[in-house]
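Inspection log for the structure reproduced underneath, given as structure tokens.
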Amino acid sequence: MIPSSIASSDAGFVAHNFQNQTSMPRNGWDNEIAVLSNLRGRPRIDRLYKPSADQIVRDVRLDFPADRMLFSSIDANGRWAVFEVRSDGSGLVQRTPTDYPDLDYFDACYLPDGRIVLCSTGCYIGLPCLDGQGQVANLYLLDPATRSLRQLTFEQDSDADPTVLNDGRVLYQRWEYSDIPHYFSRRRMTMNPDGTGQLAFHGSNSWFPTAFRFARPVPDHPTRIAGIISGHHDFGDCGRMAILDPGLAGAYPFRFRPKSKQWGVEGEPIAVTPDILPAAQTGFVQLVPGRGQTVAGTVCDAIIGHVYRKERPALTTHPYPLSSKYFLVSMKPTERSLWGIYLVDVFDNATLIAEIEDAGLFEPQLLAPRPRPPVIPDRVHLASRTADVHIADIYSGPGLQGVPQGTVKSLRVFSYHFGYNAKAGFPLVGTQAGWDMKRVLGTAAVEPDGSAFFQIPANTPVSIQPLDSEGRAVQLMRSWLVGMPGELVSCVGCHEQRRETLPARRNLAQGRGAEPLQPWYGDPRPFNFAHEVFPVLEQYCLGCHDQPATVGPRSNPCFKDPDTAYNTLHPYVHRPGVEADMALLNPMEYHASTSALIQMLEKGHHGVQLAAMNREARDRLYAWIDLNVPRAGSWNPPSFQDCDQRQRRCELARKFANNDDDPEGEFAAAAEKFRNRTPISFVAPPPQQPVQPDGLTAAGFPFSASEASLLQQANPAGARKAIDMGGGVTLSLAWIPAGQFVMGSLDGAPDERPRSVVQVNRPFWMAVTEVTNGQYALFDPRHDTRYIDMHSLDRVVPGHIANHPDQPAARVSWSEAQRFCRWLSAKTGLAVRLPTEAQWEWAARAGAETQFFYGTMETDFGRFANLADQALRWYAMGYDGPSVLQRRNPYPPEMNFPLHDERFRDPWFVVDYVAQTEANAWGLRDMVGNVSEWTRSSYRPYPYRDDDGRNVEADSERRIARGGSWADRPADAGSSVRRAYEPWQKVYDVGFRVVVEGTEVPEKRS
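Mapping to the working numbering: the sequence shown position 171 is 171, numbers consecutive.
Here it is, written out as structure tokens:
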């Protein structure tokens, strides 16, 4: 244990869990390593080691025979170093090298073979969330005999708390936030002592716990560990003890049942408790104390101060399991108590063993031999510069759930180029564009059976994106894997469960062996907008977009130079941004097809057709979207500790990882090539003739709202009815008469014409609103519409609420909506279906020939539709304090981001409760805005025909969503607007409403 005289509240802890030992004062301490004995009488404390000066001492780790120990302190260079001393206080030696005076080493533990794993700042990475103001530490392997180091992990942010599990693997905490919320993204990881087999142990895609510090294995259980639940902007290094069993579950699922569309009051602290689930679903066995109580997965930044200390004031740290029931801990039971050594148990007992007035006792450990875990032999081949990755079936696992076999044709492989000390963070990467530079390495083939086998550079953080036939990412990994030299990294599928094993059958990729990556239009390099995307704009767009940008109902981007082009083009891309939802994304959540840029080009933009662009141009646009719209590809790091950081990072990477990569140099070469490139000629699109009047008319169309009402009320069965869905839930319907109208638009996108006169031969009943989450839950209680992304960083909740029972069910695929219709048909005996495009547009117009039933895009939509209005500009979030629900801040108006119409304002922000808008003449609400709505029809060219097969209910073609959503400007919404998505695609702003075909609805009237 370490007695420490406490002159301040830090007690030898880091101030916050986002910091490591390098943030702590190195001098000014009065502390020592001591032995506590005579526990059955009057406890005795004997000094084992005390530094000769006032340096800090912490991170004590005993070897398995308990004859020696490691600890962290300060060396002659004034840097953190790892020392070793025998258990009798003799034989002090510094184990870490002394010939790297700019590096720190700390937090070490013995491996079963006598080597040491430790944390070091040799990676030369700066803390991203503090703009590089804080040094990051990764894990290294130290051979005490030679003092040689080899880097094992290659992380964006710090690893911590390495220890050895009972089976010989190394357990550690990895903090990563590659486009995910950084407060809550600490994972428990395992690896073999040589760095191979780096796998998630617990916490992937989980909001809870915020941190789990000082985890150690329980000696008499194969999978349980004990650790300290702690926060982010909270007490560092201490919190509430918990027992976790990753053998039961790999994460704590987050399913929250909101009572309101609002989380709470902006500017005030918040703690969110989702469904409280049993240990079998979460892995959390219990809190200590907390016998018989199911562990709540409360999401809170400062969870200790704002949650746990309100329940009980105690702070706990450094658990040392004696068995699965009994633990030594350092504890401070109350605000006025001393930090003492306690014996605690799963029965909620806490027995004081020792305390010292005016001092604290920390890091208790049993000074006795313990079983040495098995030695796992090294599997690395240090002469190799590559590792092999084998994926048995990319479609296996939840990552590509629902994606048809054969969709994925290849993989995009990229690595991360992390920020430097004093220069890091998302503002340098782009606008709402992620935390890190991304470096494209190449592509790999996927076989028809979903298998892949390819080489990656060893000792490199690598991420993989499965691509469809067009080269668009079907899923985003938002993390990385690392292969050690010569390692075979094997995956069952895409984000499979940790306990899944490889199938016994031999797959196609195994038959050909691991292939080198195919170059992606050149050598590996960081992706930079100017180098990769701007030439595409020069070739296809600059001839028209060379004038100053304008912001208005239809904004006009300017592409005169790369910076202006980036600033005016990125608003047209839907992407995860800095901190998207922690949950595993649905396949195609951010697929290029959900971006206005691609939708517009596919339809045809003033003659520029996506399909007419060459494949390289399309690939570059897709890569930019899939990589989270980066602007920059270089950090251009400043000097640090009186050295050239770029050069020093490269030197240390060669020394500790045999890695010669220099992304900054790659960027410089690409920049030179860009400056000296051959000028690109603008490829003018074919001349576009103005859309001519077509002279089409339909008998009796258009007609006024009063005439529409009279037509509806002529139904003898009435204009309104309701279906009883069970459980007290009803579905309100409005009767839509038969009639004739002109379908399509001369003023809209090219796919809205040629117009045609369409006869709706039979009346039908249509749902007054979109199907709500509450209604859909009767069919599929597991469905969760979840949340709408918040922008920027520091979020304390998963996003803007979209899963309230009264909000429309979204992220429902066309196929799922079809199954809902079949379920409701079977339940009620009615012919429930999705509307055809013709039925939908006829009902939405309610007699109007204008873009909206209430007018044109020049009409104030505030009462009639939830569209992208001026309030959407207030979308940026910032830091307002620990656990505080952030206020929304505005983007500059000239940015027009997110895309919106600044002229108007409706009462809603993002998706809202259904039926908040004024109804059209037939009593239908939200036909435009809130969410777009699936129709029965496939995406085929106009003129529309009911009998050409487009309304056959099959999954073989893309299907049409109509109306526009809260995320669409009036210019991109309306009665005739068409959006095409795959039938299995779940889209963040697409829901559905149903129709009942037939004149009789034998249910109660509303």
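Note that the Cβ used here is the ideal one computed from N, Cα and C, for glycine as well.
With which residues is residue i paired in a DSSP beta bridge?
i	result
G855	F852
D974	The amino acid at residue 974 is misidentified as Asp; the sequence shows Gly. Paired residue(s): G963.
A34	R47
P448	DSSP output for P448 lists no bridge partner at all.
H390	F453, S490
F327	P321, V344
R833	V995
F934	Checking the displayed sequence, the identity of residue 934 turns out to be Trp instead of Phe. A961, per the DSSP bridge assignment.
H443	The question names His, yet the displayed sequence has Thr at residue 443. R412, Q518, per the DSSP bridge assignment.
P758	A small fix is needed here, since residue 758 is Val in this sequence, not Pro. Answer is F741.
Y420	K423
I2	F362
L467	S410, A473
Q135	G126
Here's a check: name, in chain order, each residue in its chain whose Cβ is nearer than 7 Å to the Cβ of residue i, leaving out the five neighbours to either side.
i	result
F741	A698, F701, V758, W842, R845
S595	Y572, V573, H574, I625
K1004	The predicted model places K1004 with a pLDDT of 48, which falls under 50 and marks its position as unreliable; any figure quoted below should be read in that light. Excluding positions up to five away in sequence, the list reads A722, D724.
L537	F559, A565
A249	A280, Q281, T282, G283
T196	R379, V380, M484, E487
R993	M766, A767, T769, E770, V771, E933
S965	G929, N930, V931, S932, D989
R372	F64, P112
P970	P553, M857, F861, L867, D901
F13	G236, D237, C238
Would you mind reading off the limits of the beta strand (DSSP E) that contains residue i?
i	result
G665	First-last for G665: 663-675, but that is the alpha helix (DSSP H), not the beta strand (DSSP E).
A160	159-164
A617	Segment 615-626 is the alpha helix (DSSP H) holding A617; no beta strand (DSSP E) there.
F1011	Summary: the structure shown does not reach residue 1011, with the chain confined to residues 1 through 1006, and so no result is reported for it.
S148	148-151
A354	350-354
In chain order, what residues of the same chain have a beta carbon less than 8 Å from the beta carbon of residue i, not counting five sequence neighbours either side?
i	result
S8	Confidence in S8 is poor, its pLDDT being 42 and thus under 50, which makes the residue's placement unreliable; the coordinate value appears in the next sentence. Here the set comprises nothing.
P374	P112, D167, G168
P278	T294
D179	G434, W435, L476, R478, P576, G577, V578, E579, A580, N628
Between residue i and the rest of its own chain, which residues show a CB-CB distance below 6 Å, the 5 nearest in sequence each way excluded?
i	result
L711	P737
G247	T223
A583	N205
G425	P128, D131
K603	A749, P750, D751
R44	S37, N38
Y622	G471, R472, A592
Provide the residue span of the alpha helix (DSSP H) that contains residue i, from first to last.
i	result
K721	Premise fails: K721 lies in the beta strand (DSSP E), 720-726, not in any alpha helix (DSSP H).
Q645	645-657
N567	562-569
F709	Checking the displayed sequence, the identity of residue 709 turns out to be Ser instead of Phe. Start and end: 705-713.
L171	Careful: L171 lies outside any alpha helix (DSSP H), inside the beta strand (DSSP E) at 170-175.
M24	Where M24 is concerned, there is no enclosing alpha helix (DSSP H), given that its DSSP letter is neither H nor E.
P371	First-last for P371: undefined, no H or E at that position.
P535	534-540
I598	596-603
Would you verify that the beta carbon of residue i is, or is not, closer than 8 Å to some beta carbon of chain B?
i	result
R618	Of the protein chains in this structure there is only one, and it is not chain B.
Inter-stretch contact at 8 Å, needing at least 3 Cβ pairs: the stretch 660-678 / the stretch 514-534 = yes
Hey, which unbroken runs of the beta strand (DSSP E) at 3 residues or more fall wholly within the stretch 50-131?
-> 58-62, 68-74, 80-86, 105-110, 116-120
Cβ contact (3+ pairs, closer than 8 Å) linking the stretch 978-994 and the stretch 939-955 = yes
Determine, using beta-carbon pairs with one atom in the stretch 899-908 and one in the stretch 796-815, whether at least three such pairs fall under 8 Å.
-> no
Tell me the start and end of each unbroken beta strand (DSSP E) in the stretch 762-850 that is at least 3 residues and wholly inside, in chain order.
-> 764-767
Report yes or no: do three or more beta-carbon pairs, one from the stretch 846-855 and one from the stretch 919-939, lie closer than 8 Å?
-> yes
Contact between the stretch 151-167 and the stretch 124-143 (3+ Cβ pairs under 8 Å) = yes
Report the residue ranges of all alpha helix (DSSP H) runs contained in full by the stretch 224-302; include only those spanning at least 4 residues, in chain order.
-> 279-282
Cβ contact check for the stretch 307-315 and the stretch 243-259: 3 or more pairs under 8 Å = no
Touching or not, the stretch 801-812 and the stretch 774-788, by the rule of three or more beta carbon pairs under 8 Å?
-> yes
Does the stretch 411-422 come close enough to the stretch 638-650 that 3 or more CB-CB pairs lie under 8 Å?
-> yes
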